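Quick notes on the structure that follows.
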Amino acid sequence: MAKSAFITIAGRTNAGKSSLLNAIIGEKIASVSNKPQTTRTRITGIRNIDDVQLVFFDTPGLHKPVNKLSEHMLNTVKESVSDIDAVVFMMDCTKKINEQELNLLKSLNSSKMPVILVLNKIDLLKNKNDLAPIISSLTSEITFQAVIPVSVTEDSGVDIVISEIMKLASESPHYFPEDMITDQPEKVLAAEMIREKFLMLLSDEVPHGIAVGVETMTERDDKDILDISAVIYCEKESHKGIVIGKKGAMLKKASTAARIELEDFFQIKVNLQCWVKVKEDWRNREGLIRNFGLSEK
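110 is the number that this note's numbering gives to position 124 of the sequence shown; each next residue is one higher, with no gaps.
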């Protein structure tokens, strides 16, 4: 009997949502970094276990909107928690619940949406006994399908999350091919891998003002080489110099790291060419947000 479940992974920025998605799928399909707001769009991951197909939506983190892009990101979250079977709500157990998190949880409870609470980063707790009052406080206000402490980075508890999600699957046809792990186009995956390297290497405001567009992605006929041409867009002329770095050092470092990951993911030698261009204040320009594929519309 074929079964399926559609699950949204939600929570505040930097709680580990993308890391959990990657761990469940078994492949890196969502950008991961220690910077907040790494995920900008809804990324779909697919995992088939026996006769059950699990379809996951990774969402941007809950945050206070500061520009049109962040407004689109929050609209993506709102859309992603409707017409689904359950929500996996991720929290960083080292931080107190904030107003946005609590409001979303109360809204989900009101709509009778099953919610699995995943308390991540338990490896960072100095005293594991601190978990009990955290769980008690949350469950006194919100009803959860399950509460699961995990450490995604240490792969601890992820299997329990999967088993709890499996319980929510219902009889249904499978909507994606058995060998498919994401519905994201290859160009989008490549762009996210490239952007992630700049997120990791750059500091302060610069990374959030970066968008990556993969212009071309073609495999050569005569050799097993994948040619990828990408443009890194930044908001200010001063940021362009930072992205390129002294004598091109930063651009080369990030491009090399991206190429290695692209080769590992696509299992082919990659020739990656990156250019840097300026699009002034693009995060507040609707047309550019749509062009970069970051609009929920």
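The beta carbon of each residue, even a glycine, is placed where N, CA and C say it ideally should be.
Computed from a prediction, not measured in an experiment: that's the story for all the values here.
_Cα-Cα separation, E266 to L185_ = As a working mapping, residue 266 is identified with position 280 in the sequence shown. As a working mapping, residue 185 is identified with position 199 in the sequence shown. Cα to Cα, the separation comes out at about 19 Å.
*For D250, count neighbouring Cβ atoms within 10 angstroms of its own Cβ and tell me buried if that reaches 16, exposed if not.*
Numbered from its first residue, the sequence shown carries residue 250 at position 264. Flag for D250 reads exposed.
*asked:* Going by the DSSP bridge assignment, what does L103 pair with across the sheet?
replied: Here residue 103 is taken as the residue at index 117 of the sequence shown, counted from 1. Answer is F75, V133, bridged to L103.
*Report all residues from its chain with a CB closer than 7 Å to the CB of E13; omit the five preceding and five following residues, and keep chain order.*
Numbered from its first residue, the sequence shown carries residue 13 at position 27. So the list reads I167, once near-sequence residues are dropped.
*DSSP beta-bridge partners for K(-11)?*
Along the sequence shown, one-based indexing puts residue -11 at 3. Note: K(-11) sits in a beta bridge opposite V38, E157.
_Limits of the unbroken beta strand (DSSP E) element including I218_ = As a working note, residue 218 is residue 232 in the sequence shown. Here the beta strand (DSSP E) through I218 covers 211 to 220.
*Stretch pair the segment 241 to 255 + the segment 203 to 215: three plus CB contacts closer than 8 Å*: yes
*Could you tell me if A216 is buried or exposed, where buried requires 16 or more neighbouring beta carbons within 10 angstroms of its beta carbon?*
The count along the sequence shown starts at 1 and reaches residue 216 at position 230. Counting Cβ neighbours within 10 Å, A216 comes out buried, since at least 16 surround it.
*Can I286 and S137 be called in contact, C-beta distance under 7 Å?*
With the chain covering only -13 through 283, there is no way to say anything about residue 286.
*On a CA-only basis, which of P119, T139, E164 is nearest A289? Give me that one, please.*
The displayed coordinates of the chain run from -13 to 283. Any statement about residue 289 would go beyond what the structure contains.
*asked:* Can you tell me whether L188 is helix, strand or coil according to DSSP?
replied: Reading the sequence shown from its first residue, position 202 is the one you call residue 188. Of the three classes helix, strand and coil, the one that applies to L188 here is coil, per DSSP.
*Measure from the alpha carbon of I134 to the alpha carbon of each residue in I15, A176, S149, then state which is nearest.*
Here residue 134 refers to the residue found at position 148 when the sequence shown is read from its first residue. For I134, the nearest C-alpha among the options comes from S149.
*When we look at the beta-carbon of E182 and count the other beta-carbons within 10 Å, is it buried (16 or more) or exposed?*
Here residue 182 is taken as the residue at index 196 of the sequence shown, counted from 1. Burial call: buried.
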